[in-house]
Amino acid sequence: MPDDDSLTACLPSNPFASRFVKAGAMVYRHPETLSAIGVLDLVAHLEQVRFGSIEGDHGTGKSTLLHCMATALMQRFPGGQWVQLGRDPAMSWLGRIVQRIDNAVASWRAQTRTAAGGVLVVDGAEQLPPGVLTCLRMRAKFRGQVCLITTHKPRWGFACLHRTSLNQRLVETMFAELVASIPEATVREKIDKHFRTLDLSEFSNVRDLWSSLYDWVEREHSGTRESRPPRESDRLN
Numbered sequence: 012m013p014d015d016d017s018l019t020a021c022l023p024s025n026p027f028a029s030r031f032v033k034a035g036a037m038v039y040r041h042p043e044t045l046s047a048i049g050v051l052d053l054v055a056h057l058e059q060v061r062f063g064s065i066e067g068d069h070g071t072g073k074s075t076l077l078h079c080m081a082t083a084l085m086q087r088f089p090g091g092q093w094v095q096l097g098r099d100p101a102m103s104w105l106g107r108i109v110q111r112i113d114n115a116v117a118s119w120r121a122q123t124r125t126a127a128g129g130v131l132v133v134d135g136a137e138q139l140p141p142g143v144l145t146c147l148r149m150r151a152k153f154r155g156q157v158c159l160i161t162t163h164k165p166r167w168g169f170a171c172l173h174r175t176s177l178n179q180r181l182v183e184t185m186f187a188e189l190v191a192s193i194p195e196a197t198v199r200e201k202i203d204k205h206f207r208t209l210d211l212s213e214f215s216n217v218r219d220l221w222s223s224l225y226d227w228v229e230r231e232h233s234g235t236r237e238s239r240p241p242r243e244s245d246r247l248n
């Protein structure tokens, strides 16, 4: 039997693994009220403005909110398409240029498949080359399409439906939800004790926090292993 300070055999899976914290795995909560946001109200707002955005800094829940809206979006705007754009920070400057071009092509193809009256969702609009988003908007208007994007800052021609943000109460609420699935109270208390020692202001976004907690749990679970990056299957998206 493991001693009381060990997580070995008490933790069926790491609560901060990607499958638990990735976009779509958690409910998006309003940063002020901590309650689930009214996605139907957001979709109704998008129907009015036709071109909308979800704005917020990196890792503040933009993609999570999009996933919460997905069903309502496709029901209200059938025939839509979804494209998620990304960027590898380890890429060379040439690689980043090629990636942006690939992102533009992917967005263009997704829009081509979007039906009239359907919604084109572009998750990560800041990863598009300059001018491409404007072209997508003009093309959507001509085709009678609706367009919803996520972005770090305001974009011309797109009305902000919601701005995501984080605060300590929200982070603590999400943390409590993640560890609530752990059956052993002593294990939950051990993780919570470590969490309380962290200075949350040191983490620029919640993804970095979950990654840090993931590594700590892995070290404690093994008892001997050195810190290592999460496996590719457990990495945050």
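Read in order, the letters of the sequence shown correspond to residues 12 to 248 in our numbering. The C-beta atom is built at its ideal place from N, Cα and C for all residues, glycine as well.
- The C-beta distance from His69 to His163 rounds to 7 Å, short enough to fall under 8 Å.
- A residue is called buried once 16 or more other Cβ atoms fall within 10 Å of its Cβ, and Arg40 is buried on that count.
- Counting along the chain, Ile65 sits inside the beta strand (DSSP E) bounded by residues 62-66.
- Contact annotation, Gln138 with Arg166: C-beta distance approximately 13 Å; criterion of less than 8 Å not satisfied.
- In this chain, the beta strand (DSSP E) harbouring Ile160 covers 157-162.
- Rounded to whole angstroms, Arg111 and Leu144 show a C-alpha spacing of 12 Å.
- DSSP, reduced to helix, strand and coil, places Arg150 within a helical segment of the structure shown.
- Remark: fewer than three beta-carbon pairs, one from each stretch, lie closer than 8 Å, so the stretch 99-110 and the stretch 59-79 are not flagged as touching.
- Straight through space, the alpha carbons of Thr175 and Gly90 are spaced by roughly 27 Å.
- Residue state for His69 is assigned as coil, using DSSP reduced to three classes.
- For Cys79 against Val60, the beta-carbon gap comes to about 19 Å, at or over 8 Å, which does not count as contact.
- Annotation: the continuous alpha helix (DSSP H) that includes Leu105 extends over 104-124.
- Residue state for Ala55 is assigned as helix, using DSSP reduced to three classes.
- Remark: C-beta atoms of Pro26 and Ile193 approach each other more closely than 8 Å.
- Rounded to whole angstroms, the gap between the alpha carbons of Ala34 and Asn216 is 14 Å.
- Excluding five sequence positions before and after Ala115, the CB atoms of its chain that fall closer than 7 Å to its own CB belong to Leu139, Pro140, Val143, given in chain order.
- For Trp93, the secondary structure class from DSSP, reduced to helix, strand or coil, is strand.
- Distance from the CA atom of Arg180 to the CA atom of Ala127, rounded to whole angstroms, is 42 Å.
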